[in-house]
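Working notes for the structure below.
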Amino acid sequence: MSNGLRTLVLGFDALDSQYLELFSDVTPTLSRLFSAGISAPLDSTVPPWTASAWPSMYTGTDPSHHGVYGFFDYDYPDEGDLVTRNDVAAPALWNYLTEVSAPSVVLNVPVTHPAEPLEGVLVPGYLAGEDDAGYPRGVREELSAALGEEYRVYSSGESSDDPATKLAGYLDLIDLRKRAAVELLSNRDWDLAIVQVQKTDAVFHNFDDESAWRAVYEAADDFAAAALDTVEEPCNVVVCSDHGMGRKQGYQIQLNDVLHRAGYLTATTDSETVSLGEAKQRKHSGADADASDGRSLVTAGATTAERLLSRVGLTPGRLYSVAETIGVEDILFDIVPNSVRQSVGKGVDWRESMAYCRSESRLGVRINLAGREPAGVVSEAAYETVRGSSFRSCLSWKRPTGTPPSIRCYPVRRSTKGHTSTPLPTSSSGRATTTTCSRPASMAVRSSPLTSTTTTRRAFSPPTVQASTTTRRSTALPCPTSRRS
Numbered sequence: 013m014s015n016g017l018r019t020l021v022l023g024f025d026a027l028d029s030q031y032l033e034l035f036s037d038v039t040p041t042l043s044r045l046f047s048a049g050i051s052a053p054l055d056s057t058v059p060p061w062t063a064s065a066w067p068s069m070y071t072g073t074d075p076s077h078h079g080v081y082g083f084f085d086y087d088y089p090d091e092g093d094l095v096t097r098n099d100v101a102a103p104a105l106w107n108y109l110t111e112v113s114a115p116s117v118v119l120n121v122p123v124t125h126p127a128e129p130l131e132g133v134l135v136p137g138y139l140a141g142e143d144d145a146g147y148p149r150g151v152r153e154e155l156s157a158a159l160g161e162e163y164r165v166y167s168s169g170e171s172s173d174d175p176a177t178k179l180a181g182y183l184d185l186i187d188l189r190k191r192a193a194v195e196l197l198s199n200r201d202w203d204l205a206i207v208q209v210q211k212t213d214a215v216f217h218n219f220d221d222e223s224a225w226r227a228v229y230e231a232a233d234d235f236a237a238a239a240l241d242t243v244e245e246p247c248n249v250v251v252c253s254d255h256g257m258g259r260k261q262g263y264q265i266q267l268n269d270v271l272h273r274a275g276y277l278t279a280t281t282d283s284e285t286v287s288l289g290e291a292k293q294r295k296h297s298g299a300d301a302d303a304s305d306g307r308s309l310v311t312a313g314a315t316t317a318e319r320l321l322s323r324v325g326l327t328p329g330r331l332y333s334v335a336e337t338i339g340v341e342d343i344l345f346d347i348v349p350n351s352v353r354q355s356v357g358k359g360v361d362w363r364e365s366m367a368y369c370r371s372e373s374r375l376g377v378r379i380n381l382a383g384r385e386p387a388g389v390v391s392e393a394a395y396e397t398v399r400g401s402s403f404r405s406c407l408s409w410k411r412p413t414g415t416p417p418s419i420r421c422y423p424v425r426r427s428t429k430g431h432t433s434t435p436l437p438t439s440s441s442g443r444a445t446t447t448t449c450s451r452p453a454s455m456a457v458r459s460s461p462l463t464s465t466t467t468t469r470r471a472f473s474p475p476t477v478q479a480s481t482t483t484r485r486s487t488a489l490p491c492p493t494s495r496r497s
């Protein structure tokens, strides 16, 4: 090893301290690290999504610098591709280490495909295709041979409608990931190892069942225990997540509805957006699904039924339960406001609108600026006026009680893909926790919004970063001459 001190990063998507406490009886390893370590709040990125936050973790920069704000790279929401490592415009930790010939092991970290050359091993994770190669070429095949079964990015029950099959697939995948981590940590040289589990997030999106959450957290703890048992001292250990997890509460502002009423957004009955669900389906199954589907002003990014029920306070879990027992369409229009009914079936004409929210995951307003967007309709001279007046339209929204919500609008520099060199405000929508014990100091991730953030509820509770330290010395690393070695 280059300096005799190694660092192991255990990443768990959406790991949340409230659930670690709730399931402490089945998470002895993680609980021990927390009780013996040092913890502190850590903000997630803005927006606090997997595709933007994990690149912030491995580059040490926020989305305004690495350039990934959501799951898709596009000019307009009806066209685009899932983001890849090529879209992350900043060096990763392993790039820095490669510059000084220090080896790394990177396993299942989201947005790391296509695998790049490095000193060490990289097996890509979430958003990669099931057939995407690792580095060095052939490492996935070698890993599969060592495990006695094919190494997978996604669960065998990923597309199952049967809850028992889906949960069993999640648990089986975490076990596979555990054995893969042990294999790489035991048999590869490394100064830095980052190994990640994704299903600690997915279980909350797909199950409204505490027993399912508990089972996945227990499996995640087994993963952590096995990884730690593989590593010899001295070693720094960091346990981190990209964001927290909690139920949505309060009112949800439909920005496109607000902008439509204010005259900045043009509606159409012929509108499409790229679909994350369908894109992921193709990734893990190879299914030939369409890349886009129709979305209403109210429902961009989700089904009409789910978004409408969310508007009136029903959670996704309760939605599915209701949908199984009664005809959702029979009750939808009896419980939603007239203004919502009028928007159903309408979508956004992205190229004719002056301002719009590109997707729920972008958390803000995008100005359709001429010279930046391919079909921009807002001139440079009119930009400041449109931006200011559209912001005021968002700020004028009132709760049904007549009281204004707590809304923060942040202007962002106008540059292609939304990049800015100026640090932007920190999010309060995704808080993280750090903790340290006798084995790393925490890594803080600052956050920056692409556009104005407009929300009346916290969608996420604190994500977790747990750190433990040993005696350590600092090493000044040169900046890589390029992101790819």
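The number in our numbering is simply the position in the sequence shown, starting from 1, with 12 added.
Glycine included, each C-beta is placed from N, C-alpha and C at the ideal position.
Treat the numbers as computed from the prediction; the structure is a model and nothing was measured.
The residues Arg-164, Ser-167 and Lys-211, in chain order, have a CB closer than 7 Å to that of Leu-185 in the same chain once the five nearest residues on each side in sequence are set aside.
Contact between Val-95 and Val-123 holds, since their C-beta atoms are separated by about 6 Å, short of 8 Å.
Between the region 70-84 and the region 264-279 there are fewer than three C-beta pairs closer than 8 Å, too few to call the two in contact. Annotation: Thr-281 to Pro-60 spans about 31 Å, alpha carbon to alpha carbon.
Between Ala-231 and Asp-174 a beta carbon distance of about 19 Å is seen, past the 8 Å cut, so the two are scored as non-contacting.
Bounds of any beta strand (DSSP E) do not take in Ser-253, whose DSSP letter is neither H nor E. Given a length threshold of 3 residues, each whole run of the beta strand (DSSP E) inside the region 149-230 is given here in chain order: 204-209. The beta carbon of Asp-93 sits closer than 7 Å to the beta carbons of Phe-84 and Asp-85 from its chain, once the five residues preceding and following it are set aside; these are given in chain order. Under the three-state reduction of DSSP, Val-360 is assigned to strand. Shown here, Phe-24 sits in a strand according to DSSP, grouped into three states. When C-alpha distances from Leu-407 are compared across Ser-68, Asn-120, Pro-417 and Tyr-31, the shortest belongs to Pro-417. Contact between Thr-57 and Asp-74 is confirmed by a C-beta separation of about 6 Å, below the 8 Å threshold. DSSP, read as helix, strand or coil, puts Thr-71 in helix.
Boundaries of the beta strand (DSSP E) around Gly-132: 132-135. Your pair Asn-107 and Val-207 does not check out as a contact, with CB atoms roughly 18 Å apart and the cut at 8 Å. Segment contact: the region 16-26 against the region 245-257, three or more CB-CB distances shorter than 8 Å; contact assigned. Here the C-alpha atom of Val-390 lies approximately 10 Å from the C-alpha atom of Thr-397. With 16 or more other Cβ atoms from the protein chains shown falling within 10 Å of its own Cβ, Ala-205 counts as buried. Here the alpha carbons of Gly-383 and Asp-28 stand approximately 42 Å from one another. Runs of alpha helix (DSSP H) with 4 or more residues, each lying fully within the region 30-106, are found at 40-48, 62-71 and 75-78, listed in chain order. The bridge partners DSSP lists for Cys-247 are Arg-18. Within the DSSP bridge table, the entry for Thr-278 names no partner. Per DSSP, the continuous beta strand (DSSP E) segment holding Leu-119 begins and ends at 116-119. Just so you know, the alpha carbons of Val-251 and Phe-46 end up roughly 9 Å apart. DSSP, read as helix, strand or coil, puts Leu-407 in helix. Residue pairing by DSSP puts Leu-381 in a beta bridge opposite Val-390. For Tyr-147, the three-state secondary structure derived from DSSP is strand.
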